[in-house]
Amino acid sequence: MATPEGQNISIDDRQVPQESPTERLFSLLSQTDIPEPGIIAHLQTTLTGGPANPGWIITDHRGDNLLHKAATNLKPQVTKFLLTKKPELAKLTNHEGFTPLKALYDSVDSMRHPFLGLFYRGPPFTGFPQSYIFCVAVLTNQEPVCNLPAEIDTNILSNLTWTSDDDIVLKTLRIKYGCTCGHCIAGFLSPRMRYALSGFAREYMFEFDGASYFANNAGSFLPDETREMLRGGNNPAMREAFRMICDCIGQLCAKRNKIPSATNVMAVAQAQAQENPQSNTVGVLEEFFKQGGTIGGVAKEMFEVAGIYFETVDNEFLDPKLPFNMYLAAKLTKGKSAEPNTPSKMLHTKKRPRCANDKDIAFGMRMCGY
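For what it's worth, this note's numbering labels the leading residue of the sequence shown as 422, then goes sequentially.
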């Protein structure tokens, strides 16, 4: 190629436009292989003159400021540095109207709900990484938090209870498992989910006839033979065992503030047996297990119904045209026809805070060990 001066140069000799200082800052924050102390040092060198330097509030083409970029790229040290230098960055929004915290929540949604193709979803969600935990803790002023393993055994979670909102482990678990209400037991079991699970035990298994419940094709998580026994009119002991497990799960959710894992369910059942030796609790449950019944099958049934509530009755009123009302409406009205928009006590959760964990039924079951 000839230049105006008649000199020939190759393509490699051409001058490549260099990044502006602003572009360089955003580029650095997007890099995954540059240590955070190096990025902080570059920010200190570039943005001299203290907080008055207008460079602290620069934005990119999306309207993201430096804090948006640091948080969404999971850089906790840089996030804390920027907040220290320019706290007002946390309140500024991008073109989508997202603050840095909201942008961070939005950016990690794919971690929780991975979709890698038409017929294949990614690996199941087991919690957010430690870098995310530290970023959220900084942005929400929840420091300090602790280091947690990538996956936590259900037996460890079973021993946790709702002691204090200031407990460091509990606070860290809530960030790790995506709690947005600040009240999830073990970080993942939300108040609305606990209320729905305890409501199943209270309304389904105490006020209504168990045989009619199973006659309407409920109990899909139980073996076919076990479900047939529960459906039959001559197996009250099997239905009593089902009710006992429901009751134990309901107590764990409503009173004991522990997750309804199989270990905790059995602990409650054994405590009840000791309190009332005449109840034959252990014998009834042992027979249920011999016939193929499992705690997991009962728990999954309860979670499934709770999931239907949150997905189809989120307005907290019953619609008798919904498919599950084949058994739901009859039970809530004790066999009478349900009127449109009949309030359900079981779904009356308006006073309980909403949470991102409310509708993630599969995650809740998995974390409980089912």
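Backbone N, C-alpha and C fix where the C-beta goes; we use that ideal spot for every residue, glycine too.
Please tell me whether residue i and residue j are closer than 8 angstroms, where the distance is taken between their beta carbons.
| i | j | result |
| --- | --- | --- |
| N656 | M665 | no |
| T715 | N576 | no |
| S619 | A688 | no |
| C556 | L525 | yes |
| L560 | L591 | no |
| L488 | A511 | yes |
| I680 | A607 | yes |
| Q551 | N568 | yes |
| S700 | Q691 | no |
| H534 | R483 | no |
| F724 | G785 | yes |
| G603 | R615 | no |
| C776 | T593 | no |
| T466 | G476 | no |
| M788 | L581 | no |
| I479 | T443 | yes |
| T647 | Q695 | no |
Who are residue i's beta bridge partners in DSSP?
| i | result |
| --- | --- |
| I606 | L610 |
| T582 | According to DSSP, T582 bridges with nothing at all. |
| T480 | N486 |
Is it right to say residue i is buried, meaning 16 or more other beta carbons lie within 10 angstroms of its own, or is it exposed?
| i | result |
| --- | --- |
| E564 | exposed |
| G704 | exposed |
| R445 | exposed |
| N778 | buried |
| A571 | exposed |
| T493 | buried |
| G471 | exposed |
| Q672 | buried |
| P497 | buried |
| F663 | buried |
| A727 | buried |
| E760 | With a pLDDT of 38 at E760, under the threshold of 50, the modelled position of that residue is not reliable, and no figure is offered here. |
| F710 | exposed |
| P456 | exposed |
| S441 | exposed |
| A622 | buried |
| T702 | buried |
| S682 | buried |
| E661 | buried |
| D574 | exposed |
| D376 | Here the chain covers residues 422 to 791 and nothing more, so residue 376 does not appear. |
Leaving out five residues on either side along the sequence, give the residues of the same chain with a beta carbon under 8 angstroms from the beta carbon of residue i.
| i | result |
| --- | --- |
| D645 | none |
| T469 | none |
| V686 | I666, C669, I670, L673, I716 and A720 |
| S531 | none |
| V566 | I554, F555, A558, I589, K592, T593 and I596 |
So, at 7 angstroms on beta carbons, what are the nonlocal neighbours of residue i in its own chain, with the 5 sequence-adjacent residues on each side left out?
| i | result |
| --- | --- |
| Y553 | L495 and V529 |
| A658 | V705 and E708 |
| F519 | D527 |
| P744 | Note that P744 scores a pLDDT of 36, beneath 50, so its modelled location is shaky and nothing firm can be said. |
| A491 | L450, V499, T500 and L503 |
| P774 | C602, H604 and P612 |
Just to confirm my understanding: we take residue i, look at its own chain, exclude 5 residues before and 5 after, and list those with CB closer than 6 angstroms. What are they?
| i | result |
| --- | --- |
| G548 | K597 and Y598 |
| D481 | F447 |
| F546 | R533 and F784 |
| I782 | F724 and G728 |
| K755 | Summary for K755: the model assigns pLDDT 38, below 50, so the residue's position carries little reliability, and this model does not support an answer. |
| K507 | P472 and W477 |
| N474 | L468 |
Quiz item: Can we say the stretch 710 to 720 touches the stretch 605 to 617, given the rule of at least three CB pairs closer than 8 angstroms?
Solution: These segments do not touch.
Practice problem: Check whether the stretch 458 to 478 touches the stretch 498 to 517, taking contact to mean three or more Cβ pairs, one atom from each stretch, closer than 8 angstroms. | Solution: Yes: the two stretches touch, three or more of their Cβ pairs being nearer than 8 angstroms.
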